[in-house]
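Participant:
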């Protein structure tokens with residue numbers, strides 16, 4: 001029988017057994033959650049991929065929706081179908097992938113209640129929005145097939161109200177059908193298999209039919225043009241040209257090709273997951289199969305992030321509108337509210353997560369090691385990024401800056417975001433120092449190591465360099481009464497371009513290339529050269545070094561993934577015809593930097609067991625968690641993560 005309480009918490013969520021455990025959530029005795037043993041780097045990498053893909057899906061599909069709203073070139077009925085597809089893809093990035101990251105994070109942290117809540121939310125949202133995307137692609141294939149068979153009657157038959165009715169019906173029926181997942185999952189799965197099979201067969205046959213008919217029409221069109229060129233009768237030539245114009249063969253062929261590419265991309269992303277799902281349902285469940293399923297699921301979600309790029313590549317109307325949105329200032333209130341909401345979420349995650357990191361390092365004695373002091377400095381820099389993003393992108397309507405010197409001073413110190421960039425530069429330099437520390441600690445363990453005294457010198461130097469590096473921005477920021485925003489006012493254009501290039505090189509490429517070179521040597525040393533000689537002490541030491549290296553290496557990878565695109569866009573904006581700090585291109589670059597700062601605490605918690613354990617101690621109510629943490633091992637090097645054991649006894653619910 002299923003539990004009526006908030007999940008079953010009998011014992012740990014994972015065991016070291018290779019067998020796959022099954023648990024139920026809430027009253028869902030038909031819904032069994034698979035636990036495949038302690039997940040490690042596979043889920044960490046997968047969560048990171050989903051976080052990046054979610055950002056791409058949100059930004060890309062948000063721009064596509066805005067472009068579709070502005071575009072008048074596309075036929076309204078066709079535009080409505082693409083709008084529905086982009087909306088479902090946007091919701092995948094907004095809900096499904098965040099749920100998935102939390103779901104897997106709860107699995108890693110062994111938190112069954114959170115696992116149940118986020119797992120059920122993930123499955124419900126994923127099934128709804130993926131089904132809507134699948135049905136919308138099928139509806140698009142149907143629309144193209146009707147255009148071929150109805151001919152001149154197509155525009156009278158396939159009208160915007162009818163298409164909107166079909167779209168609303170798809171969304172409503174999918175939302176209602178998902179409740180059967182709760183009621184009877186077996187019937188739900190069987191019905192879905194039938195529907196998916198029918199849709200795949202129909203779409204494939206429809207595009208095959210369209211391809212065959214287009215080849216026939218192409219031959220007929222060529223023959224018609226040949227006849228028109230050979231005749232001397234002007235009326236016949238005019239009639240032939242009119243027939244061709246009426247047919248609109250070229251435009252129709254392009255639209256079919258565009259939607260065929262969308263269908264092929266969907267197949268590439270969906271079929272591996274469907275195949276792996278069938279394998280799991282028909283064979284014995286193992287950890288390897290579940291991990292493979294999770295990666296194929298990520299590929300399925302990636303379809304939502306890839307579609308906007310495909311639209312821009314294939315659909316000229318969307319590409320031109322998207323270019324306009326990316327480069328020109330918009331005063332759309334809805335857009336600014338959306339940006340304020342996005343930045344509010346990012347800043348809340350950033351501040352809360354990094355404050356927790358600071359509290360952990362300050363409160364717990366075993367966390368006070370030189371390496372963690374650098375992590376503390378990185379967390380402070382990330383908090384600074386978030387704090388001074390708020391005045392610019394969240395509270396933009398809460399105040400009006402005064403003109404003159406007062407407005408300029410406020411711009412320089414508060415609303416211009418200069419202090420955020422000081423934090424961003426400090427975090428880049430801190431990560432470079434961390435890479436150097438890891439290199440010397442691993443490659444020369446007997447040499448001079450990082451100490452608290454050295455950290456007391458390194459940290460002030462980092463902040464001094466960050467402030468000096470941002471002085472040009474502090475000096476050039478002015479309040480523009482024309483654009484009602486803070487802008488950089490450089491004396492010469494070449495100065496602005498040079499400054500942006502220096503920013504890209506010094507705070508972007510140089511730290512990243514340094515980290516790549518150092519971590520490549522460290523990874524090679526730790527994972528490929530060091531052999532297992534049976535010494536338990538040495539094995540424990542190597543395990544600790546590897547865990548620390550994985551944590552800081554993951555942080556560095558996320559840094560590169562977020563900062564390089566952001567700073568590249570910053571440079572491009574200076575080499576464009578116009579550049580305003582309210583351009584969407586600039587806003588996206590700031591969002592990526594803020595997202596980088598918000599993601600770091602999650603990386604610490606996912607990769608580092610000690611951070612996870614102390615987070616549990618902070619969030620657990622007194623008496624609910626019993627924790628035992630050993631102190632440093634005598635003789636342990638100060639740069640290494642001290643070995644400790646942790647035993648958590650969870651409260652069994654009644």
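Residue numbers (the UniProt record's numbering): 1 to 654. Note that the Cβ used here is the ideal one computed from N, Cα and C, for glycine as well. Given the structure is predicted, the values throughout are model-derived calculations rather than measurements.
Closest to residue 558 by CA distance: which of 461, 515, 472, 474 is it?
Facilitator: Looking at the Cα atoms, 515 is the closest of the given residues.
Participant: Cutting at 6 Å between CB atoms, please list the residues of its own chain near residue 608, excluding the five before and the five after it.
Facilitator: Same-chain partners within the cutoff: 551.
Participant: Going along the chain, which residues of its own chain have a beta-carbon closer than 6 Å to the beta-carbon of residue 103, five neighbours each way excluded?
Facilitator: Closer than 6 Å at Cβ, skipping near neighbours: 118, 119, 122.
Participant: Does the Cβ-Cβ distance between residue 500 and residue 433 come in under 8 Å?
Facilitator: No. Outside cutoff.
Participant: Which of the three DSSP states, helix, strand or coil, is assigned to residue 111?
Facilitator: Correct three-state label for residue 111: coil.
Participant: My understanding is that residue 277 touches residue 96, with C-beta atoms under 8 Å, so please give their C-beta distance in whole angstroms.
Facilitator: That pair is no contact at about 16 Å.
Participant: Using a threshold of 8 Å, state whether the C-beta atoms of residue 519 and residue 435 are closer than that.
Facilitator: Yes, these two residues count as a Cβ contact at 8 Å.
Participant: So which of 155, 438, 369, 610 has the shortest CA-CA distance to residue 75?
Facilitator: Cα-wise, what sits closest to residue 75 is 155.
Participant: Between the region 261-269 and the region 306-313, can you find at least three pairs of beta-carbon atoms closer than 8 Å?
Facilitator: At 8 Å Cβ cutoff, the stretches touch.
Participant: Counting only the same chain and skipping the five closest in sequence on each side, list residues whose C-beta sits under 7 Å from that of residue 106.
Facilitator: Closer than 7 Å at Cβ, skipping near neighbours: 114, 115, 118.
Participant: Quick check on residue 652: buried or exposed, where buried means 16 or more other Cβ atoms within 10 Å of its Cβ?
Facilitator: Unreliable placement is indicated for residue 652, whose pLDDT of 28 sits below 50; no coordinate value is reported for it.
Participant: So residue 450 and residue 371 are supposed to be a Cβ contact under 8 Å. How far apart are they, rounded?
Facilitator: The Cβ separation is near 7 Å, so the contact holds.
Participant: Could you tell me whether the region 466-476 touches the region 488-503, where touching means 3 or more Cβ pairs closer than 8 Å?
Facilitator: Yes, the region 466-476 touches the region 488-503.
Participant: For the alpha helix (DSSP H) containing residue 312, name the first residue and the last one.
Facilitator: 287-314 is the extent of the alpha helix (DSSP H) around residue 312.
Participant: Among the candidates 418, 465, 355, whose CA atom is the shortest distance from the CA of residue 429?
Facilitator: Comparing Cα positions, the closest option is 465.
Participant: Can the beta-carbon of residue 522 be found closer than 8 Å to that of residue 442?
Facilitator: Yes; because the gap between Cβ atoms is below 8 Å, this pair is in contact.
Participant: Taking just the CA atoms, how far does residue 273 sit from residue 144?
Facilitator: Rounded to whole angstroms, residue 144 to residue 273 spans 27 Å at the Cα level.
Participant: Is the distance from the Cβ of residue 431 to the Cβ of residue 511 below 8 Å?
Facilitator: For residue 431 and residue 511, yes; Cβs fall inside 8 Å.
Participant: Using only CA atoms, which one of 149, 135, 100, 142 lies nearest to residue 125?
Facilitator: Among 149, 135, 100, 142, the Cα nearest to that of residue 125 is on 100.
Participant: Taking the alpha helix (DSSP H) that residue 370 falls in, what are its first and last residues?
Facilitator: Taken as a continuous stretch (DSSP letters only), the alpha helix (DSSP H) holding residue 370 covers 370-387.
Participant: Do you know offhand how far residue 631's Cα is from residue 611's?
Facilitator: Residue placement at residue 631 is poorly supported in this model, since its pLDDT is 35, which falls under 50; the coordinates still yield a value, given next. Roughly 15 Å separates the two Cα atoms.
Participant: For the alpha helix (DSSP H) that residue 612 lies in, which residues bound it at each end?
Facilitator: Its alpha helix (DSSP H) spans residues 609-619.
Participant: Where do the ends of the alpha helix (DSSP H) carrying residue 162 lie?
Facilitator: Here the alpha helix (DSSP H) through residue 162 covers 160-177.
Participant: Any idea what DSSP makes of residue 477, helix, strand or coil?
Facilitator: Strand at residue 477.
Participant: Could you spell out where the alpha helix (DSSP H) holding residue 430 opens and where it closes?
Facilitator: Looking at the DSSP string, the run of the alpha helix (DSSP H) that includes residue 430 is 418-443.
Participant: Between which two residues does the alpha helix (DSSP H) carrying residue 89 extend?
Facilitator: Start and end: 76-91.
Participant: Among 545, 595, 544, whose alpha-carbon lies nearest the alpha-carbon of residue 561?
Facilitator: The residue with the shortest Cα to Cα distance from residue 561 is 595.
Participant: By DSSP, does residue 456 sit in helix, in strand, or in coil?
Facilitator: In the structure shown, residue 456 sits in a helix (DSSP, three-state: H, G or I).
Participant: Measuring straight from C-alpha to C-alpha, what distance separates residue 44 and residue 192?
Facilitator: Rounded to whole angstroms, residue 44 to residue 192 spans 30 Å at the Cα level.
Participant: Helix, strand or coil for residue 488? Go by DSSP, reduced to three states.
Facilitator: Note: residue 488 maps to strand in three-state DSSP.
Participant: What separation, rounded to the nearest whole angstrom, lies between the Cα atoms of residue 63 and residue 94?
Facilitator: Their Cα atoms are separated by approximately 14 Å.
Participant: I believe residue 618 touches residue 357 by the beta-carbon criterion, under 8 Å. Please report the beta-carbon distance rounded to the nearest angstrom.
Facilitator: Going by Cβ atoms, the distance from residue 618 to residue 357 rounds to 11 Å, so no, they are not a contact pair.
Participant: Given a threshold of 16 other Cβ atoms within 10 Å of its Cβ, counted over all protein chains shown, does residue 616 qualify as buried or as exposed?
Facilitator: Buried, because 16 or more other Cβ atoms sit within 10 Å of the Cβ of residue 616.
Participant: Which of the three DSSP states is assigned to residue 62 in this structure?
Facilitator: Three-state DSSP puts residue 62 in a helix.
Participant: Could you check the C-alpha separation between residue 409 and residue 66 for me, to the nearest Å?
Facilitator: Roughly 35 Å separates the two Cα atoms.
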